[in-house]
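*Asks:* Got a structure here, written out as structure tokens. Questions coming.
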Amino acid sequence: MRAAVLRELGKPLQLEELRLPPLASGQLVVRMQRAAVCHSQKLEVSGGRGPDRFLPHLIGHEGVGIVEDIGPDVTKAQPGDQVVLSWIRGSGRDGGPVAYRSANDCVNAGPIATFCESPIVSEQCVTPIDPPVDPELAVLAGCAVPTGAGTVLQAMPANPHGGICILGAGGVGLAAVCGAMVAGWPLIAVADVRPARLARARELGVTHTIQVGEEDLEEAARRITDGHGFDLVVECAGSVPSMESALRLAKPRGGKVVIVGNLETGKTFAVNPFDLIAGRSLWGSWGGGINPDHDIPQLVQMMAQGMVNHRLLMGRRFPLEQVNEALAALDDDEPGRPVITWS
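Position 54 (the sequence shown) corresponds to 53 in numbering that gives the first Met the number 0; numbering is contiguous.
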């Protein structure tokens, strides 16, 4: 199996040939069709997650593929089934860690890996899609869409006279925009530093965009909401300034802030207690709070029906041989989540 291996923090991933071990209870082999690239992998490779005692190891936590083989006790999927791979655990067994063999040593993996041709994954990390769909429809159903759209759809009902603000227009932020459209929010604002990402948000149908750095974020929020503040603020940028601004953008007496973005290990953000005393609430979201077995097939159907425009959520496509370029693309101005493809 050809795989991208993380051997040293801060260094490029290395493409290597690995041998698969025998399948243990609760494990499956999945032939990858597509894998999406998340900011979490950027943090992982750069060392932003802190010391890594599992090196060398595989990475990747979102994709779609076809089951090739199943181990003992697997009942959720059968060979030939199309499955979405996700770090968000569903039903089924936890197959535990995996130890692949390279030419010279052992390469570790957790219960899911996607930057490789045919990974061994745990039953908990797959959701069958029946009938099968174009993998382009399903590749973002394991992280970006459930985390972004799922957070918005579950945070609160849309206020027909209110508004939502999404901070950050990366893959998760754009998916949150789609969730806001589906929920029926009449006023949808998106803030980002990159003009191209704001243009993509406008393509999706947002009513307002704020270019951070060119406009004062809090002043723009007051202007857009006539001084009332937003009912819901969803932080997807994963930066300290964005998180610290989020509470001040929400309206007093009922405004809600949900933190979705990830910071590097050890980083924190400050909260002014008076922003909470004013009646705002601060929440966090873990994968959008979804139930993968139930919600991932529904999200795939929403994309198939055009309710969520998956094509506008996706960025450039890369073969596995260009996996390091795909990671670098996360920092480009080009909008959408990079995707690794297999022919």
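For every residue, glycine included, the Cβ atom is placed at its ideal position computed from N, Cα and C.
May I have the straight-line CA-CA distance separating Arg222 from Gly204, to the nearest angstrom?
*Replies:* It is roughly 19 Å from the alpha-carbon of Arg222 to the alpha-carbon of Gly204.
*Asks:* Got a sec, what are the start and stop residues for the alpha helix (DSSP H) Ser39 sits in?
*Replies:* For Ser39, the enclosing alpha helix (DSSP H) starts and ends at 38-45.
*Asks:* On the DSSP bridge assignment, give the partners of Asn107 in chain order.
*Replies:* His56, Ala98
*Asks:* Starting from Val176, trace the alpha helix (DSSP H) both ways and give me its first and last residue.
*Replies:* 170-182
*Asks:* Using only alpha-carbon positions, find the residue among Met31, Arg1, Leu231, Lys41 that is nearest to Arg336.
*Replies:* Lys41
*Asks:* Would you list the one or two residues that DSSP bridges to Gln26?
*Replies:* Beta-bridge partners assigned by DSSP to Gln26: Ser121.
*Asks:* Within this structure, are the beta carbons of Ser24 and Thr146 separated by less than 9 Å?
*Replies:* no
*Asks:* Label Gly170 either buried or exposed according to how many other C-beta atoms from any shown protein chain fall within 10 Å of its C-beta, with 16 as the threshold for buried.
*Replies:* buried
*Asks:* Which residues does DSSP list as the beta-bridge partners of Trp285?
*Replies:* According to DSSP, which records beta bridges pairwise, Trp285 is partnered with nothing at all.
*Asks:* Quick test of your reading: Arg88 and Thr340, contact by CB under 8 Å. State the CB separation rounded to the nearest angstrom.
*Replies:* Contact flag wrong, Cβ pair sits at about 26 Å.
*Asks:* Can you tell me where the beta strand (DSSP E) with Ile165 in it begins and where it stops?
*Replies:* 162-166
*Asks:* How would you label Gln297, buried or exposed, when you count the other beta carbons within 10 angstroms and need 16 or more for buried?
*Replies:* exposed
*Asks:* Compute the beta-carbon to beta-carbon distance between Leu326 and Val44, rounded to the nearest angstrom, for a pair I have assumed lies under 8 Å.
*Replies:* Right, the Cβ-Cβ distance comes to about 6 Å (below 8 Å), so this counts as a contact.
*Asks:* Hey, could you find the ends of the alpha helix (DSSP H) Ile295 is sitting in?
*Replies:* 291-303
*Asks:* Go through its chain and collect everything with a Cβ distance to Glu135's Cβ below 6 Å, but skip five positions before and after it.
*Replies:* none
*Asks:* Using the C-alpha atoms, what's the distance from Leu281 back to Leu275?
*Replies:* Their Cα atoms are separated by approximately 8 Å.
*Asks:* Can you tell me which of Arg279, Leu186, Asp331, Gly149 puts its alpha carbon nearest to the alpha carbon of His293?
*Replies:* Gly149
*Asks:* What is the DSSP secondary structure of Glu243, counted as helix, strand or coil?
*Replies:* Correct three-state label for Glu243: helix.
*Asks:* Mind the definition here: the segment 128-143 touches the segment 154-166 only if three or more C-beta pairs lie below 8 Å; say whether that holds.
*Replies:* Counting C-beta pairs closer than 8 Å gives fewer than three between the segment 128-143 and the segment 154-166, which falls short of the contact rule.
*Asks:* Taking only the alpha-carbon atoms, compute the straight-line gap between Leu186 and His207 and give it to the nearest angstrom.
*Replies:* 8 Å
*Asks:* Which residues mark the beginning and the end of the beta strand (DSSP E) in which Gly314 is found?
*Replies:* 313-318
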